[in-house]
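Beneath this line is the structure, given in structure tokens, with notes to follow.
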Amino acid sequence: VIDESRPLIDFSPLDDICSNNTNCTASVRYPFTISEDCTIEEISLSVIVDLGDDGTNDYILLGEEIGGSYPNYHISGDFGLGNHRFYLRVVDGCNNETTAELPLTVIDCLAPTPICADGLVVELSRLEEPLDVDNDGLEDLATAAAPVSWLVLSEGSDCSGPVEYSVNRVGQTAFMDQKELLVTCADEGIVLVEVHGWDSRGNHDYCSTFIDVQNNSDACREIPRGAIFGRVMTETKVPVSSVEVSLSGTV
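Per the numbering used here, the sequence shown runs over residues 1255 to 1505.
Quick look at the structure:
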């Protein structure tokens, strides 16, 4: 009696595998099962790896990278970010052959970790005209800008870079496009802030620091406004009209 039944391969595609290290790789264990009717002691397994799932056979797995025993086996190893594919070939002791394609996707789940500067000092500058610069409904007399680039001490690398940075006050929601913080007279003193680092996948983490808002030039002092009234008259007390008057010196 000759067995002409091909071995059966059964597997469930893995969910996306997270890479959580700076090497941008993930440790993978991909289980599969085999069932067949010939002698199980003579089963032969081979796996060709297509990195990037681009149709190119990059290398063959050897040794412990194909583990297990009948009927439960697994493919294991470290694989980089992206889509990959395993071409599994099984030959039983009766020379019956079966193949299967096992897809794999490795994604970056590690957020970039910014390193904050140890505080930043900014000096308030008086505005030419009072203006609501921070959209709180109140006119501001002076302001200063704190760009996020001044708050980042070290820009680290990331598997899904380049890294974008944002800044927000502690307790407020972080937005990737917030590249600076405006402070006003109401912020004089210490303002606690967060600096967030964002990669292209939206992974983000933050560090905390502070902005020391100073008012050394007395820019927040409100200048009194007033008016001068009077009449221009000749020496004989006759009123004179259409006279231009200018004020010089300090008041």
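Note that beta-carbon positions come from the ideal geometry of N, C-alpha and C, so glycine has one too.
For clarity, every value in this text was computed on a predicted model and none was experimentally measured.
With a 10 Å radius around the Cβ and a threshold of 16 neighbouring Cβ atoms, G1317 comes out exposed. Residue pairing from DSSP places P1357 in a beta bridge opposite R1339. Put simply, the backbone Cα of V1387 is about 12 Å away from that of R1380. Annotated three-state conformation of I1294 is helix, per DSSP. In the DSSP assignment, G1309 falls outside any beta strand (DSSP E) and carries neither an H nor an E.
Residue range 1326-1334 is occupied by the beta strand (DSSP E) that includes N1326. Residue range 1262-1264 is occupied by the beta strand (DSSP E) that includes L1262. Under the three-state reduction of DSSP output, E1409 falls in the coil class, being neither helix nor strand.
In the same chain as V1402, and ignoring 5 residues on each side of it, the C-beta atoms closer than 7 Å to its own belong to Y1419, S1420, V1421, K1433, E1434, V1449, in chain order.
The shortest C-alpha to C-alpha distance from D1264 to any of I1361, N1275, I1288 is the one to I1288. Taking a 10 Å sphere around the C-beta of G1443, we find fewer than 16 other C-beta atoms and assign the residue as exposed. For I1320, the CB contacts under 7 Å within the same chain, skipping 5 residues up- and downstream, are L1299, V1301, Y1327, I1329 in chain order.
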